[in-house]
Amino acid sequence: MGFLQLSLVLGFLGVSSGFGVDPSLRINVFSELSLGEDPFEGVSQVQGFHDESRAFLFQGTSRNVRATEEGAERMLKKLRNRGEFTVVATLKQEHLNSGVILSIHHADQREHEYGRFLELESSGQRNEVRLHFRTQANQAHTEIFPYTLADDQWHKVSLAISASHVILHVDCNRIYERVVEVPSMDLPKETSFWLGQRNSAHGFFKGTMQDVQILVMPQGYISQCPDLNRTCPTCSDFHGLVQKIMELQDILAKTSSKLSVAEEKMNGLETCYCERTCSVKGVIYREDDAWTDGCRNCTCSNGTVQCETISCPPPDCPAGTAPVYVNGICCKECKRECSPSLSTHTHTHTHTQRPIFSVHTPTIDKLPVPAGHDFCAEGNGCMEHSDCINLEAAACCSCKDGFRPLRDDNAYCEDIDECAEGKHYCRENTMCVNTPGSFMCICHSGYIRIDDYSCTEHDECVTGQHSCDENALCFNTVGGHSCSCKPGYTGNGTVCRALCDGMCQNGGTCVSPNSCVCQQGFTGKRCETDVDECKSGKNGCANDTVCFNLDGGYDCRCPHGHNCTGDCIHDNKVKHNSQIWVLENDRCSVCSCQTGLVMCRRMVCDCENPTVDLFCCPECDSRLSSQCLHQNGLLTYSSGDSWVENCQQCQCLQGEVDCWPLSCPSVDCEFTLVPEGECCPRCITDPCQADTIRNDITKTCLDEHGITRFTGSSWIKHGTECTLCQCKNGHICCSVDPMCL
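Just so we're aligned: the sequence shown equals residues -18 to -1, 1 to 723 in mature numbering (1 follows the signal peptide of the UniProt record, and there is no 0).
1. Taking a contact to mean a Cβ-Cβ separation below 8 Å, would you say T472 touches L481 in this structure?
2. Can you check which of these residues, Y203, E652 and Q613, is closest to A672 by C-alpha distance?
3. First and last residue of the beta strand (DSSP E) that includes M57?
4. Since S574 and I562 should fall inside the 8 Å C-beta cutoff, what is the C-beta to C-beta distance between them, to a whole number of angstroms?
5. So does the segment 574 to 591 actually touch the segment 610 to 618, counting three or more Cβ pairs closer than 8 Å?
6. Looking at the unbroken beta strand (DSSP E) that takes in A183, where does it start and where does it end?
7. Using CA coordinates, which residue listed in L7, D33, N46 and T654 is at the minimum distance from P21?
8. Looking at C423 and C414, is the spacing between their C-beta atoms short of 8 Å?
9. Go through its chain and collect everything with a Cβ distance to T303's Cβ below 8 Å, but skip five positions before and after it.
10. Report yes if the CB atom of Q118 is closer than 8 Å to the CB atom of S85, and no otherwise.
11. The alpha helix (DSSP H) that contains A402, what's its start and end?
12. Please confirm whether K382 and D399 have their CB atoms less than 8 Å apart.
13. Check M248 in the structure and name its three-state DSSP category.
14. By DSSP's criteria, G688 is part of a beta bridge. Which residues make up the other side?
15. How far does the alpha helix (DSSP H) with F12 in it extend, from its first residue to its last?
16. Please determine if the segment 650 to 666 and the segment 688 to 695 are in contact, where contact requires at least 3 C-beta pairs separated by less than 8 Å.
17. Should K74 go down as buried or exposed, given a rule of 16 or more other Cβ atoms within 10 Å for buried?
18. Which value, in whole angstroms, describes the spacing of the CA atoms of F99 and H184?
19. Spatial neighbours of H552 within its chain, please: CB distance less than 6 Å, with the 5 preceding and 5 following residues excluded, ordered by chain position.
20. In whole angstroms, what separates the C-alpha of H87 from that of E566?
21. For G489, tell me which candidate among S35, E510 and T130 has the shortest Cα-Cα distance.
22. Determine, using beta carbons only, whether S624 and S608 come nearer to each other than 8 Å.
23. Quick check: the segment 30 to 44 against the segment 152 to 160, are at least 3 beta-carbon pairs closer than 8 Å?
24. Beta-carbon separation of Y429 and N411 under 8 Å?
25. With 16 other CB atoms within 10 Å as the buried threshold, where does residue 760 fall?
26. Would the beta-carbon of L177 fall within 8 Å of that of L15?
27. If you follow the beta strand (DSSP E) that C299 is part of, which residue opens it and which one closes it?
28. Under the rule that 16 or more other beta-carbon atoms within 10 Å means buried, what is K520, buried or exposed?
29. For T345, which three-state DSSP category applies?
30. Quick one: which unbroken beta strand (DSSP E) runs of 3-plus residues sit fully inside the segment 493 to 534? Chain order, please.
31. Keeping to the same chain, check which residues put their C-beta closer than 6 Å to that of C313; ignore five residues upstream and five downstream.
32. If you measure between the beta carbons of P200 and S144, is that distance less than 8 Å?
33. For a quick check, are the C-beta atoms of V148 and V162 less than 8 Å apart?
34. May I ask which residues mark the beginning and end of the alpha helix (DSSP H) holding T117?
35. Out of C408, Y407, S420 and C661, state which residue places its alpha-carbon closest to the alpha-carbon of R386.
36. Quick check on E442: does DSSP put it in helix, strand or coil?
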């Protein structure tokens, strides 16, 4: 079974028939709120879309369907810091009702101000589905999806959030798919959870809801509509991969920084004299120091230990004595010969019946020894690199492999330097390194190992394992490679950029050597020439209008005294001069074409007219039940009144408050900022001051180590602990991280 098949099988194992989902991945909102068990005013159980689960009717405005602190924490624990989840519900909303389906928010500063972390709202007044959430930059954001849910009909609704990817399904049809700012799900413990309302005073949903769930899993809409196709991988998966790449970039930058520091230190060592010392068994010896190591005389020379075996004179022993080795002494000494009986002789030397190291002379007979006796256990003179071996009547020393004796009895042994003596098997392109008792073969720089004794050259240019830019040439060298930018490009070979003769003007971009791509309205090798659309005839000026050339464009003007037909273009349709029509999506607005200009206005309301349309003229509704309470709870508005609150346009319509984001003029620029106290963004040139950036993945940054950084990536500046830098469309912006102080 392939990986994709296995993934699909495992995915469907978590979703059983109907709405059965692994409980660890599901939040059943009705169950957590104990709907049907605990009484809630204004909520009653009714017949639903199907009979497999309970449905509830939400009525009136005197209700508080809010989770307890314990219930809210159980639900939020599954949602906290999650980047992928889906809200699903089956509902039937009353016509023209504007209400909140589900709201997760936190009290902020004053009781009546709420920080909405996540809220799903349906407006029947404006025929919109709204998603309110907080971004990871802690800014409020509202995403609007034009769609009519408030039509007294049953609908299956699912809203899937996967990192910056939002998908809205209605009745198992994908209605909208958008890329938004990544929502923040860092939910504090004081967060409250409401169903069918924003709070105790606003956003009352009127209608029936069934199967309201939050599924903390990829593509949770599959549980509601099993026949929908799965998309793999999800945006959250891709977002995770991007995060890993950024983390690896940071690790690479830190490693490069450490290597750079090490290289600087190495260069410093080459230009100065440093006394080289020798370390032997934890003891440090300076240059020309001499010492005795066992039976060797050693000196420290240029950081290398050089030892020579002590030269012993030939023994010249008088009669009755024999040359023997004495523990702790390298040369043989003359000792009196031993008799078979136990006796103590000169130099306090005692000879037993079973000597471990015996001196055999013609006058000494062997004494009987039990078979298998362990002479080595009785103590021996074998030193560090010598092994004690039991014989039939005594014990002897034997040098370990890779060592040779320093004296005849093998008690003292020294390491054999196979590299210096040529007793190794290291082949070409390797370096022999002596080790205690053996040796090892190290590959030269730029070579790779074949076996323990052989290495061959590594051609990074052929294997593609090089660091050259795609616009650079790779040259293999002994032990490495070098990079050189191709003609027409400049850089260090690792990073090469196109080189244009002079600057690309008027916003042009250098894309290849001496080749600029010009913005619309300009031409020339360096985009220095304005295109005269009027002379070339490449303009849209029709009939009697006159074309006026502008830098980068043109303008069509009607000469004084001319009508120029006066036709208008509206919604891609031609409207004749003086033609009047009602907007298709707004029955309360009337538009007319007046000499080429479209003029729209709200329908004139005559409250004295008994047939006045209260939908278009809510100000004519004088009933007390149609009044609304301001968000602060201190002001009362009549039906039809409008006001601005927290950068939202709010309106009281027959007792219900409906708010939507203020309409801001579109800005076509790379960097925008919302000034303090204002609601709409403005274009700025400094990316480091921008709130929002139109991300361009082709624009990267080079950090202080020459590492390429993608737009959106951040890192700690080398040599600091609290300076956080970020790549913003090719610009590096650094600031002190307040969380680090």
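We treat Cβ as the ideally placed atom computed from N, Cα and C, and that holds for glycine.
Remember, predicted model here, so these are calculated numbers, not experimental data.
Inspection of the coordinates gives the following:
1. At the C-beta level, T472 and L481 come within 8 Å of one another.
2. Measuring from the Cα of A672, the nearest candidate turns out to be E652.
3. Premise fails: M57 lies in the alpha helix (DSSP H), E51 to L61, not in any beta strand (DSSP E).
4. The pair is a contact, with the Cβ atoms about 5 Å apart (cut-off 8 Å).
5. With the cut-off at 8 Å, the segment 574 to 591 and the segment 610 to 618 do not touch.
6. Where A183 is concerned, there is no enclosing beta strand (DSSP E), given that its DSSP letter is neither H nor E.
7. The residue with the shortest Cα to Cα distance from P21 is N46.
8. Yes; because the gap between Cβ atoms is below 8 Å, this pair is in contact.
9. Short of 8 Å from the beta carbon of T303, and not among the five residues preceding or following it, lie these beta carbons of its own chain, in chain order: C316, K317, R318 and E319.
10. Not a contact, by the Cβ cut-off of 8 Å.
11. Secondary structure note for A402: its alpha helix (DSSP H) is the uninterrupted segment E400 to E403.
12. In this structure, the beta-carbon distance from K382 to D399 does not fall below 8 Å.
13. Per DSSP, reduced to three states, the secondary structure at M248 is helical.
14. The partner list for G688 (beta bridge, DSSP) is empty, contrary to what the question assumes.
15. F12 -> alpha helix (DSSP H) spans V11 to L15.
16. No: the two stretches stay apart, fewer than three of their Cβ pairs being nearer than 8 Å.
17. When all chains shown are included, K74 counts as buried.
18. Taking the CA atoms as reference points, F99 sits about 17 Å from H184.
19. The answer, listed in chain order, is V580.
20. Approximately 36 Å between the Cα atoms of the pair.
21. Ranked by Cα distance from G489, the options S35, E510 and T130 are led by E510.
22. The criterion of a C-beta distance shorter than 8 Å is not satisfied by S624 and S608.
23. No contact exists between the segment 152 to 160 and the segment 30 to 44.
24. Cβ atoms of Y429 and N411: closer than 8 Å.
25. An answer regarding residue 760 cannot be provided, because it is not within the stretch -18 to 723 covered by the chain.
26. In this structure, L15 lies closer than 8 Å to L177 by Cβ.
27. Unbroken run through C299: none, as it is neither H nor E.
28. Classification for K520: exposed.
29. For T345, the pLDDT reaches just 36, beneath the cut-off of 50, and the residue's location in the model is therefore unreliable, although a value from the coordinates is still provided. Note: T345 maps to coil in three-state DSSP.
30. Complete beta strand (DSSP E) runs here, min 3: 497 to 499 and 528 to 532.
31. For C313, the CB contacts under 6 Å within the same chain, skipping 5 residues up- and downstream, are C294 in chain order.
32. Contact: yes.
33. Their beta carbons are under 8 Å apart, which means V148 touches V162 by this criterion.
34. Unbroken run through T117: none, as it is neither H nor E.
35. The residue with the shortest Cα to Cα distance from R386 is S420.
36. Helix at E442.
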